[in-house]
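*Asks:*
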Amino acid sequence: MNNTPCVAKYEDDDYQCTCAPGYHGKHCEIDIGVQNNCRDTKKRGLSQGDGMYWLDPDGGNHSNAFLAYCDMTSYNGGWTMCYTTDEYVKPKTEVAFNAQFPYGSDGYRTNCNIIPFTEIIFVDHQTGNKAYFKRQTNQSITAAENYGNRAGTYGLWDGLEPQTPLTPTS
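By this note's numbering, the letter at position 30 of the sequence shown is numbered 56, and the numbering carries on one by one without gaps.
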């Protein structure tokens, strides 16, 4: 739909489509517009669940909009997921989404450099465990403004209760 390119995910017997800015859904059939970040999408009631969304942090004409995976369920949702890696990542320069590396696979990347944040979440994809941290000052920072700074520059962060996958009880 909407002249959308799709890539086969043979290991899952599935496929993933790369929707045009403002469209969402398995076949890019849902027009939700382009939001500044995942949290805005969630707050405005435009969430279609966990998945890929078009984001435009500066809210301009969408010429610099990019795809990012939004976790709409963990810790009340609205998380822009920046990268997935088994080893080393360069979040300053590795910013292009590639449909061959969907979220959760080693190599998923997107551009989180200019999205203001006061909270951060880490996900262990092997165990499903999640850790959530909130900045004590509640003053937003961006990654782009802080590369190369000493750790003390960022202020103090509070670690909040870890979230583990639910396991059925007998």
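Beta carbons: idealized from backbone N, C-alpha and C, even for Gly.
Roughly how many angstroms lie between the CA atoms of proline 31 and aspartate 84, to the nearest whole one?
*Replies:* Distance between the alpha carbons of proline 31 and aspartate 84 is about 26 Å.
*Asks:* Quick one: is glutamine 61 buried, meaning 16 or more other Cβ sit within 10 Å of its Cβ, or exposed?
*Replies:* Label assigned to glutamine 61: buried.
*Asks:* Bridge partners for glycine 185 per DSSP, in chain order?
*Replies:* Partner(s): Phe159.
*Asks:* Thinking C-alpha only, which one of Phe127, Lys116 and Asp66 is nearest alanine 170?
*Replies:* Checked all of Phe127, Lys116 and Asp66; the closest Cα to alanine 170 is Lys116.
*Asks:* Could you tell me whether the stretch 132 to 151 touches the stretch 80 to 98, using the rule of 3 or more Cβ pairs below 8 Å?
*Replies:* Short answer: they touch.
*Asks:* Which of helix, strand or coil does DSSP assign to alanine 177?
*Replies:* Here alanine 177 sits in helix by DSSP.
*Asks:* Would you check if the stretch 138 to 149 and the stretch 39 to 58 touch, i.e. whether three or more CB-CB distances between them fall below 8 Å?
*Replies:* Touching, no.
*Asks:* Tell me whether leucine 182 is buried or exposed, calling it buried when 16 or more other Cβ atoms sit within 10 Å of its Cβ.
*Replies:* The residue in question, leucine 182, is exposed, as its Cβ has fewer than 16 Cβ neighbours within 10 Å.
*Asks:* Here's the rule I'm using: 16 or more other beta-carbon atoms within 10 Å means buried, otherwise exposed. How should threonine 119 be labelled?
*Replies:* When all chains shown are included, threonine 119 counts as exposed.
*Asks:* What is the residue span of the alpha helix (DSSP H) that threonine 144 lies within?
*Replies:* Unbroken run through threonine 144: none, as it is neither H nor E.
*Asks:* What three-state label does DSSP hand cysteine 64 in the structure shown?
*Replies:* If DSSP states are grouped into helix, strand and coil, cysteine 64 belongs with the helices.
*Asks:* Under the rule that 16 or more other beta-carbon atoms within 10 Å means buried, what is aspartate 112, buried or exposed?
*Replies:* Label assigned to aspartate 112: exposed.
*Asks:* Considering only the alpha carbon of each residue, which of Phe127, Arg161, Lys68 and Val33 lies closest to threonine 99?
*Replies:* Ranking the options by Cα distance to threonine 99, first place goes to Lys68.
*Asks:* Could you tell me the alpha carbon to alpha carbon distance between glutamate 55 and glutamine 42, rounded to whole angstroms?
*Replies:* Each residue's alpha carbon lies about 13 Å from the other.
*Asks:* Have a look at Asn102, Val33, Tyr114 and Asp184 and flag the residue whose alpha-carbon is nearest the alpha-carbon of asparagine 164.
*Replies:* Cα-wise, what sits closest to asparagine 164 is Asp184.
*Asks:* Quick one: give me the first and last residue of the beta strand (DSSP E) that alanine 94 is part of.
*Replies:* From DSSP, the beta strand (DSSP E) with alanine 94 extends over 92 to 97.
*Asks:* Do arginine 65 and glycine 104 count as a contact pair if the criterion is CB distance below 7 Å?
*Replies:* Against a cut-off of 7 Å, the Cβ pair of arginine 65 and glycine 104 comes out as a contact.
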